[in-house]
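Notes for the one structure printed next.
Number of protein chains: 2
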Amino acid sequence: MFSEILEGIVEGTSGGVGAVLMGYDGIAVEYANVLKEIKKTAEILNTGIMQEVSIQTERFQVVIRTLTDEYFVALTLERTGNFGKGRYLLMREAANLKEALA
Amino acid sequence: MFSEILEGIVEGTSGGVGAVLMGYDGIAVEYANVLKEIKKTAEILNTGIMQEVSIQTERFQVVIRTLTDEYFVALTLERTGNFGKGRYLLMREAANLKEALA
Numbered sequence: 102m103f104s105e106i107l108e109g110i111v112e113g114t115s116g117g118v119g120a121v122l123m124g125y126d127g128i129a130v131e132y133a134n135v136l137k138e139i140k141k142t143a144e145i146l147n148t149g150i151m152q153e154v155s156i157q158t159e160r161f162q163v164v165i166r167t168l169t170d171e172y173f174v175a176l177t178l179e180r181t182g183n184f185g186k187g188r189y190l191l192m193r194e195a196a197n198l199k200e201a202l203a
Numbered sequence: 102m103f104s105e106i107l108e109g110i111v112e113g114t115s116g117g118v119g120a121v122l123m124g125y126d127g128i129a130v131e132y133a134n135v136l137k138e139i140k141k142t143a144e145i146l147n148t149g150i151m152q153e154v155s156i157q158t159e160r161f162q163v164v165i166r167t168l169t170d171e172y173f174v175a176l177t178l179e180r181t182g183n184f185g186k187g188r189y190l191l192m193r194e195a196a197n198l199k200e201a202l203a
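For the protein sequence lines, the chains are P and H, in the order given. Sequence positions in the first sequence follow my numbering and run 102 to 203. Sequence positions in the second sequence follow my numbering and run 102 to 203.
Written as structure tokens, this is what we have:
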């Protein structure tokens, strides 16, 4: 169920490379550290709960969406991929992904 | 010169709250930690140099653009602000900002 939703997001996004579910305490340590820092910063700066983070590098774009206190989903796109579509699909499917997690 | 460019970006972006130049070793420690982690992650994951990071929280949107190895610029917008316009102006003015830094 979960993996089907993720597949749908990747297939629906032109240039989509892959999407993964990740936990702050899971194996994807690199991203988890980044997001922990951002969460901490959002608390310090009193900006409200972090909802989405996106990163553009020379080779890839990554959109990360918070699902729960423990889990987030990350979508990787080619540099030329449809960033707006990926963001939209992650936002649209967030509720379904949360449901599939429960 | 630098401050004029930043003012132009904020004024040109509907919902723009402010824009600041920041150094990784400067005073804005919170963001600097976030970006250091992202830089490190980009290196580990071999995704190429980090160019832009954006963060959506409940109350604000922040777009951060790398200028040099030491400096970046951060634009804060209201939640309902024109995110795409802000991204575009930061990208368009990046070369001018770098020149003003030198």
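A virtual CB, placed ideally from N, CA and C, is assigned to each residue, including glycine. Since the model is a prediction, treat every value here as computed from it, not as a measurement.
Given this structure, state the Cα-to-Cα distance separating residue 114(P) from residue 105(H), to the nearest angstrom.
38 Å
Say whether chain H places a C-beta atom closer than 8 Å to the C-beta of residue 115(P).
no
Quick test of your reading: residue 110(P) and residue 194(P), contact by CB under 8 Å. State the CB separation rounded to the nearest angstrom.
6 Å
Under a CB-based cut-off of 8 Å, is residue 110(H) close to chain P?
Not an interface residue.
Inter-residue CB distance, residue 174(P) and residue 191(P) (contact presumed, cutoff 8 Å)
7 Å
For residue 142(P), three-class secondary structure by DSSP
helix
Which partner residues of residue 158(P) appear in the DSSP bridge assignment?
151(H)
Nearest-angstrom Cα separation, counted from residue 123(H) out to residue 116(P):
32 Å
How far does the beta strand (DSSP E) with residue 175(P) in it reach, from first residue to last?
172-179
Would you call the CB atoms of residue 168(P) and residue 198(P) closer than 8 Å?
yes
In the DSSP assignment, find the alpha helix (DSSP H) that holds residue 192(H) and state where it starts and stops.
184-202
Name the DSSP beta bridge partners of residue 165(H), please?
154(H), 175(H)
So with CB distances below 8 Å, who are the chain H contacts of residue 149(P)?
By Cβ distance, chain H contributes 158, 159, 160, 161.
Find out if the Cβ-Cβ distance for the pair residue 158(H), residue 162(P) is shorter than 8 Å.
no
Which class does residue 119(P) belong to by DSSP, given the choice of helix, strand or coil?
strand
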